[in-house]
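Below is one structure; the comments refer to it alone.
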Amino acid sequence: MARGFEEDGVQVSRPIKPFRENRDEVKPVRETRDNSRPGKDREIRIKLNPGRIGRVGLVVVVLLAVFFLGRLSANNFELTGLTTTEAVVEPSQPKEVLPEETVTEPKTKLKEESEPAVEDKSNEPVVETYKNTKISLNDLEVQWQDTWGKIIALDYSIINGEPGSITPGYFLIMVEGYEDVEKKATLSSELQMIRSGETQSGKVTLDKPFGYNEKEAGNLESVTVRVILFNNDEEVPKAMASAQKDLNLKG
41 MARGFEEDGV QVSRPIKPFR ENRDEVKPVR ETRDNSRPGK DREIRIKLNP GRIGRVGLVV
101 VVLLAVFFLG RLSANNFELT GLTTTEAVVE PSQPKEVLPE ETVTEPKTKL KEESEPAVED
161 KSNEPVVETY KNTKISLNDL EVQWQDTWGK IIALDYSIIN GEPGSITPGY FLIMVEGYED
221 VEKKATLSSE LQMIRSGETQ SGKVTLDKPF GYNEKEAGNL ESVTVRVILF NNDEEVPKAM
281 ASAQKDLNLK G
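Sequential numbering of the sequence shown, starting at 41, is according to this note's numbering.
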């Protein structure tokens, strides 16, 4: 074949080697890495600012202080919580005893107060000298009839300041402008005994109404009325006390 090419004017520069089928004879190509550092070493410069470092350090110190203060306050709160719970539990025991004492105390007080109230004066002597007996005219019950009126009842109080019992019998009533007229108001039998130191108050009806008018009594809005208390001696009644008061009789 080489000769054919040469005859056609083609020159072969190198002989063609046949293809080797034996793979063992092929040498593998190894890759190599260059472990050498690329370039030269670089210099790094660090600048420190004392002012910034101081501020950062101050902030760190403050944060640490706040942290530790928070822990201390939390511990104190736990301790105070424990003490308060213990303090609340302690007084719960004596509360059960208090109601028993409060119940017994008023009973003894009632007994002490009731003892001096019971005093037997049934054998107290009756006195006939009236130096400390007093009466008061509280009001009058009247009935007004347009131009005239009448007294029908007497509101009174009798105070016995004597050393013994007194026996009031009746009141004698006199009205301004009617000097010659007297009306009686007799006490009922159960009211004719007042023990020493006692006060009797009530209303007694006149035995006969006391009639009056403006012509005789004058200004009926202020009329002087006088009362005298006598004892219940039937033979010779004795005056015990007297009182007078300006009253409105116009009703």
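Beta carbons are placed, not taken as given, at the ideal position from N, Cα and C, and that holds for glycine.
Q. From Asp220, Val244 and Gln185, pick the residue whose C-alpha is nearest to that of Phe211; which is it?
A. Val244
Q. Can you name, in chain order, every residue of its own chain whose Cβ lies under 7 Å from the Cβ of Met233, other than the five neighbours on each side?
A. Ser205 and Thr207
Q) What first and last residue would you give for the alpha helix (DSSP H) that runs through Glu256? A) Glu254 to Ala257
Q: Spell out a yes or no on whether the stretch 244 to 254 and the stretch 216 to 229 are touching, meaning 3 or more CB-CB pairs, one atom from each, closer than 8 Å.
A: yes
**Q.** Within 7 Å, strictly: CB atoms of Gly217 and Glu256
**A.** yes
Q.
Suppose you measure from the CA of Val182 to the CA of Val265; what does that come to, to the nearest Å?
A. 13 Å
Q: Please report how far the alpha carbon of Val215 lies from the alpha carbon of Val263, in whole angstroms.
A: 7 Å
Q) Taking the alpha carbon of Ile268 as the point to measure from, which residue in Glu202, Leu103 and Ala279 has its own alpha carbon closest? A) Ala279
Q: Would you identify the three-state DSSP class for Arg266, choosing helix, strand or coil?
A: strand
Q: Reducing DSSP to helix, strand and coil, say where Glu222 ends up.
A: strand
Q. Out of Asn272, Ala193 and Asn259, which has the shortest C-alpha to C-alpha gap to Asp286?
A. Asn259
Q | Neighbour-count burial assignment, Asn288, 16 or more Cβ in a 10 Å radius | A | exposed
Q) Using the C-alpha atoms, what's the distance from Ile84 back to Leu104? A) 33 Å
(Q) Can you tell me whether Glu275 is buried or exposed? The criterion is at least 16 other CB atoms within 10 Å of its CB, across all chains shown. (A) exposed
Q: Determine which residues share a DSSP beta bridge with Ser208 and list them.
A: Reading off the sequence, residue 208 comes out as Pro, not Ser. Partner(s): Asn271.
(Q) Our contact map puts Ser228 next to Ser197 with C-beta atoms below 8 Å; I'd like the distance itself, whole angstroms only. (A) Contact doesn't hold; Cβ gap of about 16 Å is too wide.
Q: Tell me, to the nearest whole angstrom, how far the beta carbon of Asn178 is from that of Gly237; I am working on the premise that it is less than 8 Å.
A: No, Asn178 and Gly237 are not in contact; Cβ-Cβ is about 20 Å, not under 8 Å.
Q: Give every residue of the same chain whose Cβ lies closer than 6 Å to the Cβ of Glu254, excluding the five residues on either side of it in the sequence, and list them in chain order.
A: Leu260
Q: Spatial neighbours of Asn272 within its chain, please: CB distance less than 6 Å, with the 5 preceding and 5 following residues excluded, ordered by chain position.
A: Thr207, Gly209 and Gln232
Q) Looking only at C-alpha atoms, which of Lys174, Val101 and Glu164 sits nearest to Gln240? A) Lys174
Q: Starting from Met233, trace the beta strand (DSSP E) both ways and give me its first and last residue.
A: From DSSP, Met233 is part of no beta strand (DSSP E); its letter is neither H nor E.
Q: With a threshold of 16 other CB atoms inside 10 Å of the CB of Gly110, please say whether the residue is buried or exposed.
A: exposed
Q: On the DSSP bridge assignment, give the partners of Phe250 in chain order.
A: Ile191
Q | Contacts around Val69, its chain only, beta-carbon distance under 8 Å, and the 5 residues preceding and following it disregarded | A | Any reading at Val69 is ruled out, since the residue's pLDDT is 49, under 50, leaving its predicted position unreliable.
Q: Report the rounded CA-to-CA distance for Phe107 versus Ser113, giving the unit in angstroms.
A: 10 Å
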